[in-house]
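Colleague:
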Amino acid sequence: MNFPKNSPAILALSYDAQAILAGHWMFGAKFTLTMGNQKSQFSPRAKEAFCDLVSAGIILDKKADDGYAESRTYSLSESGKGLEFRKPITWVEKYGKFSITEPITD
Numbered sequence: 025m026n027f028p029k030n031s032p033a034i035l036a037l038s039y040d041a042q043a044i045l046a047g048h049w050m051f052g053a054k055f056t057l058t059m060g061n062q063k064s065q066f067s068p069r070a071k072e073a074f075c076d077l078v079s080a081g082i083i084l085d086k087k088a089d090d091g092y093a094e095s096r097t098y099s100l101s102e103s104g105k106g107l108e109f110r111k112p113i114t115w116v117e118k119y120g121k122f123s124i125t126e127p128i129t130d
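The numbering used here numbers the first residue of the sequence shown as 25 and each following residue consecutively.
#1: By a C-beta neighbour count over all protein chains shown, 10 Å radius and 16 as the cutoff for buried, is Gly106 buried or exposed?
#2: Straight-line CA distance for Glu94 to Glu102?
#3: Within 10 Å of its beta-carbon, does Ile124 have 16 or more other beta-carbons around it, so buried, or fewer, so exposed?
#4: List the endpoints of the continuous alpha helix (DSSP H) containing Pro112.
#5: Which runs of the alpha helix (DSSP H), 4 residues or longer, sit entirely within the stretch 86 to 126?
#6: Near Asp85, which residues of its chain fall below 7 Å by C-beta distance, leaving aside the five closest residues on each side in sequence?
#7: Counting only the same chain and skipping the five closest in sequence on each side, list residues whose C-beta sits under 8 Å from that of Ala70.
#8: Please tell me whether Glu117 and Lys29 are closer than 8 Å, where the distance is taken between their beta carbons.
#9: Could you give the first and the last residue of the continuous beta strand (DSSP E) run that contains Gln42?
#10: Quick one: what's Ile83 bridged to in DSSP?
#11: In chain order, what residues of the same chain have a beta carbon less than 6 Å from the beta carbon of Ser31, not counting five sequence neighbours either side?
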C-alpha cells in the first residue's frame, strides 16, 4: 500500500513500528513515552517494533529521569523529527490495534 506523506525510511519499517510511530508521534515531535517497567512492560510485539524504531535511528531510548533503574523514555531522534509520516485512520484501525503493554508477572 502506498500512503501519502510517508518517507521511504518509514515505509521500510514493519507495520507494527509504523503504527507505534503514528500513534505516539504523528501529532508532534515533542511527545515522549516513558515506560516505568515496574508493573507493566512492552508486549513482545511492541518490544520488537520499538527495537526496530531505535535500530532505524528514528526514536531514542534513554534512561528515564524518575528514580527507577528500569524506566526508559522514548522520543523522536533529530533524524526522526525530519521524516514525514502520516497514516489514514482506516490504516491505523487495520494495523494499529494491538496491546502495547502487558503486566509483569513474577
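Every residue gets a Cβ at the ideal spot worked out from N, C-alpha and C, and that includes glycine.
Modeller: According to the structure shown:
#1: The residue is exposed, with fewer than 16 neighbouring Cβ atoms inside 10 Å.
#2: Using only the alpha carbons, I get a separation of about 24 Å.
#3: By the 10 Å Cβ count, Ile124 comes out buried.
#4: Bounds of any alpha helix (DSSP H) do not take in Pro112, whose DSSP letter is neither H nor E.
#5: With a minimum length of 4 residues, the continuous alpha helix (DSSP H) runs that stay inside the stretch 86 to 126 are 102 to 105, 113 to 119.
#6: Scanning its chain for C-beta atoms nearer than 7 Å, with the 5 sequence neighbours on each side dropped, one finds around Asp85 the residues Val78, Arg96, Tyr98, in chain order.
#7: The residues are Asp40, Ile44, Phe122, Ser123, Ile124, Thr125.
#8: Here Glu117 is not near Lys29, since their CB atoms are 8 Å or more apart.
#9: Judged by DSSP secondary structure, Gln42 falls outside any beta strand (DSSP E) and instead within the alpha helix (DSSP H) spanning 39 to 49.
#10: In DSSP, Ile83 forms a bridge with Leu100.
#11: Same-chain partners within the cutoff: Leu107, Glu108.
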